[in-house]
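Notes follow once the structure below has been shown.
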Amino acid sequence: MTLYTTSRQPTVISAGVTLRNRLGEWVDRHSGTFFIAPCATLILIFAIFPTIYSIFFAVSRVRFTGDGLKFRYVGLRNFSKQFFGSSEVHFLGRTDPVSIFGYTIFVIIVVALLVWLWRSQKYTTWVGMIGRTISAAMAIFLSWILCASFLSGNAIGTLYTTLFYVIIGCTFQFVIGTGLAFLCSQPISGKNFFRVVFFIPLMITPLGVGYAMRMVADVTKGPFEPLLGFLGLSDWIWSVDAWSARFVMMVGDSWQWIPFIFICMLAALENVPGDHVEAAQVDGASSPQIFREIIWPQVLPVAATVLLIRMIEAFKIVDLPNIMTGGGPGTATESMTLQSMYIWRANDMGSSAAIAYLLLILTVVVCASFFNYVVLGQVKKAGA
Amino acid sequence: MSKTSYRFQKSQRTLMQQMFEAPAIGKMSPMAKILAYTLLGVWSFFVLFPIYWVVITSFKDMTTVNQGPFYIPFIDFQPTLEAWRSQFNEDPFCTVSAIGRQLWLLVYNSAVFVVSPVVALNPMEPQICKIYLAFTNSFVISIFSTGLCVLVGSMAAYALARIKYAPRFGNIMVFVLLLIIVIFATTYVGAPWWASSSVGLALFFFLLRALRGYFKMSLKNGDILFWIISQRILPPIVVVIPIYVMFQAVGMLDTHFALILLYAVANMPIVVWLMYDFFTNLPIELEESAQLDGATRLRIFWEIVLPLTRPGLAATTLLTLVLCWNEYLFAVFLATVKVQTMPIMVAAKNTGEKGILWWEMCAIIVVMIIPVIIMAILLTRFISKGVLMGAVKG
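Okay, here's the thing in structure tokens:
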């Protein structure tokens, strides 16, 4: 009896407070939920859920039938096909005869990685060790493929074509973009003009960039045809050779993405306090010295972040190879996204999802490693 | 007098010194200036030349394209408007009123879709030429998905920046589980989406009551922010096949609505990331005083915070607009006939019996990139004011 009266009080409703007021108050109290929930729900429905759903595709053989999709479980066959089966050459490249040079480099890389892993044991937690082990395993796998295919003189597959666009392309773009930003941060007139002009390519539709580059790079009717003739290269066709095709693709990609690096690095360079630089100039420091000792350390955190963002986007490259060469010659310029798209067109949804998944794993491991070992280190150093 | 200070007296410098040394602190020497301008000029040429080439090719015809390169109109070759005419004049529905009719059609058809469970009406058929159709589609999809994305994204960013929000782990698990069940019920079993989602929502609140107090672990704002931003890593090719199947199941393949939703989600991480930075940089005192005066959160957000971040909001909107306009991969999978966007239309010109008609294609590309270039120039004004750069530094 006493228990009943103490634990259950009638709800207090003060006079004049309508249901509407109470509802409003309730909404306001939970405003955090109401503000975040739409965004989180959309991402859950259209990003997380499809990612999980994609696993079902990747482990099945999928067919379109009259009444919807038919899944047949095949285990990891879609994945193993990429590594050991029919698509091995397409995905990994030709890894058959491994040269002595390839073996030597591979052994050196593996030893270096193991030493790094062993030494990092001292200053990281066990969570960090798991992350480092995953990074090291991925690095050993990638370096084995590199040594067995490219360094042994064999053709490379879509995996390394994608990595070529990411690593070589990003380095190239970063160097040129930073150089241009440095030039624009100097005391010159007409800065705003250059800023606008250099920014435009980033905003142009990648598809349009693909067609424009295809026209400009055309060797028979393109604008550089007389120049090639003058250099004695009139019979040279870039789209026949694998490496020149990849290189042209990278130049097209750089045309679009250098502006991004340029605009971010310019902002960072202009943020460097002018009096530091002037003080160094008064003290008689030379320009390379000033750049190395004063400007570079201050822009390094931004540089690392910008490079990370650029890398994330570079893994998704698809429009340019699709338009300019259609992945050719052979499959030389196909990125992994494009490979997945072509396989989807051939109605093999299982393999398509498997390649997409491999791309996801590759992107996440490479970007997370870069974020943890490079970006965080720089940001911490700048903060200290 | 030491040697260094001697060198700075202008009149006594030799020619070599005048050429290679800066005349004063914070200035450049003439040679360095020449070098800088040359490099910048070369790069400007490299940037502008492909655009120039596309524009002049759109004024060529078959012979001037095929007989080797011609560079300057009126001197090298006689420009024609043939490509433009064949795009815009051949079809009788290539008028501005056709665009208006198409916009009205979209409003009417979406109304038909909304009332379709109750009243059966016939949707209108489009009467418009291809290029205007693609342009209208791109325009409508970009505007609506940008609006949705910026609204939802900035609300989330504001909550993450200001409200101490600690959702229980258990609640989140329940929500995610129910969401998965709802999606499966809609796509597999074929339940109508409004019924399944309302049942799911009711179940969610019921379970929330039942499970209150069972789970102690909660997420912090930083975790949620990181989770949202890290979605940008996800390659679109991973999600596009399941999304294709999902939309097919609810019969929304090849509709504007599907693309609007998808583009909004694809750009959500960027919007949240940029807007979060603007909101954290605002002075908190204004909001606190408004709160003391009894304003609700929604009102604070709408009437105080959003007007204060207007430059940031405008820059984010422009950027999202451009990204939506340029999107290709989702459109190529999900939009086949009715909602062809500009990039899809350009890509469709790739195949033909006579090979690529470059002059026609260039005309479409020019139509496609003019809005983007205008937006790029607008966006540079914001960037040169340093509006967008805070996020990168953080």
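First to last, the sequence lines map onto chains Y and Z.
Residue numbering for the first sequence follows numbering that gives the first Met the number 0, beginning at 0 and increasing consecutively.
Residue numbering for the second sequence follows numbering that gives the first Met the number 0, beginning at 0 and increasing consecutively.
The C-beta atom is built at its ideal place from N, Cα and C for all residues, glycine as well.
Keep in mind it's a predicted model, so treat the numbers as computed, not measured.
Check	Outcome
Have a look at Z/Leu377 and Z/Leu176 and give me their C-alpha separation to the nearest angstrom.	44 angstroms
Starting from Y/Ser59, follow the beta strand (DSSP E) in both directions and report where the run begins and ends.	59 to 64
Give the residues from the stretch 214 to 228 of chain Y that approach chain Z closer than 9 angstroms (Cβ to any Cβ), ordered along the chain.	Met214, Val215, Asp217, Thr219, Lys220, Gly221, Pro222, Phe223, Glu224, Pro225
Mind listing the chain Z neighbours of Y/Gly23? Cutoff is C-beta to C-beta under 9 angstroms, in chain order.	Thr295
Just to check my reading of the structure: Y/Val59 and Y/Phe70 have Cβ atoms closer than 8 angstroms, yes? What is that Cβ distance to the nearest angstrom?	What sits at residue 59 of chain Y in the sequence shown is Ser, not Val. About 4 angstroms separates the two Cβ atoms, so the contact holds.
So the candidates are Y/Thr304, Y/Phe163, Y/Leu18, Y/Ser253; which of them puts its Cα closest to the Cα of Y/Leu91?	Y/Phe163
Let me check one thing: in DSSP terms, what residues is Z/Arg167 bridge-paired to?	Z/Ser217
When the cut-off is 8 angstroms and only beta carbons count, does Y/Pro296 lie next to chain Z?	no
If the cut is a Cβ gap below 8 angstroms, which residues of chain Y does Z/Thr315 touch?	Correct list: empty, because the minimum Cβ distance to chain Y is about 14 angstroms.
Is it the case that the stretch 55 to 67 of chain Z contacts the stretch 76 to 85 of chain Z, given that we only count it when at least three CB pairs across the two stretches are under 8 angstroms?	yes
Which complete beta strand (DSSP E) runs does the stretch 20 to 94 of chain Y hold, if anything under 3 residues is left out?	59 to 64, 67 to 72
Taking all protein chains shown into account, do 16 or more other C-beta atoms lie within 10 angstroms of the C-beta of Z/Met0, making it buried, or fewer, making it exposed?	For Z/Met0, the predicted model reports a pLDDT of 42, less than 50, meaning its position is unreliable; a value from the coordinates is still stated below. Result: exposed.
Between the Cα of Z/Phe58 and the Cα atoms of Z/Trp358, Z/Phe44, Z/Tyr327, Z/Leu47, which residue gives the shortest distance?	Z/Trp358
With a threshold of 8 angstroms, are at least 3 pairs of Cβ atoms found where one atom belongs to the stretch 349 to 358 of chain Y and the other to the stretch 229 to 237 of chain Z?	yes
Chain C partners of Z/Val175, CB-CB under 7 angstroms?	This model lacks chain C altogether; the protein chains it does include are Y and Z.
Just reading off the alpha helix (DSSP H) that Z/Pro342 is part of, what are its end residues?	341 to 347
Can you tell which of Z/Ala158, Z/Pro29, Z/Trp324 has its C-alpha closest to the C-alpha of Y/Ile187?	Z/Pro29
Can you pull out the residues from the stretch 170 to 186 of chain Y whose beta carbon lies closer than 9 angstroms to at least one beta carbon of chain Z?	Ile175, Gly178, Leu179, Leu182, Cys183, Gln185, Pro186
Contact check, Z/Val46 vs Y/Ile199 under 8 angstroms by CB: the rounded distance?	7 angstroms
Could you tell me which uninterrupted alpha helix (DSSP H) segments, each at least 4 residues in length, are contained entirely in the stretch 358 to 387 of chain Z, listed from first to last along the chain?	none
Quick check on Y/Gly101: buried or exposed, where buried means 16 or more other Cβ atoms within 10 Å of its Cβ?	buried
Residues of the stretch 354 to 377 of chain Y in Cβ contact with chain Z at a cutoff of 7 angstroms, in chain order, please.	Ala355, Tyr356, Leu358, Leu359, Thr362, Val363, Cys366
Here's a check: name, in chain order, each residue in its chain whose Cβ is nearer than 7 angstroms to the Cβ of Z/Gly152, leaving out the five neighbours to either side.	Met267, Val270, Val271, Met274
Using the C-alpha atoms, what's the distance from Y/Phe34 back to Z/Lys219?	15 angstroms
Considering only residues of the same chain and omitting the five flanking positions on each side of Y/Leu2, which have a CB-CB separation below 6 angstroms?	With a pLDDT of 47 at Y/Leu2, under the threshold of 50, the predicted position of this residue should be treated as unreliable, and no value is reported.
Compute the distance between the beta-carbons of Z/Val173 and Z/Gly199, then report whether it is under 8 angstroms.	no
Please determine, among Y/Leu145, Y/Gln185, Y/Asp282, Y/Thr50, the residue with the shortest C-alpha to C-alpha distance to Z/Met27.	Y/Gln185
Helix or strand or just coil, what does DSSP make of Z/Ser68?	Sequence inspection shows Pro at residue 68 of chain Z; the Ser mentioned does not correspond to that position. In the structure shown, Z/Pro68 sits in coil (DSSP, three-state: anything other than H, G, I, E or B).
Rounded to a whole number of angstroms, what is the C-alpha to C-alpha distance between Z/Arg309 and Y/His29?	26 angstroms
Does the contact criterion of 3 or more C-beta pairs under 8 angstroms hold for the stretch 204 to 220 of chain Y versus the stretch 331 to 341 of chain Y?	no
Within the same chain, show all residues whose beta-carbon is closer than 8 angstroms to that of Z/Leu281, passing over the 5 residues directly before and after it, in chain order.	Val304, Leu307, Thr308
Using Cβ-Cβ distances below 9 angstroms, what residues of the stretch 244 to 262 of chain Z are close to chain Y?	Val244, Met245, Gln247, Ala248, Leu260, Leu261
Starting from Y/Asn346, trace the alpha helix (DSSP H) both ways and give me its first and last residue.	It is not in any alpha helix (DSSP H) - Y/Asn346 carries neither H nor E in the DSSP assignment.
Grouping DSSP H, G and I as helix and E and B as strand, with all else coil, what is Y/Ile155?	strand
Do Y/Gly178 and Y/Met249 have their C-beta atoms within less than 8 angstroms of each other?	no
Can you give me the C-alpha to C-alpha distance between Y/Glu277 and Y/Ala303, rounded to a whole angstrom?	26 angstroms
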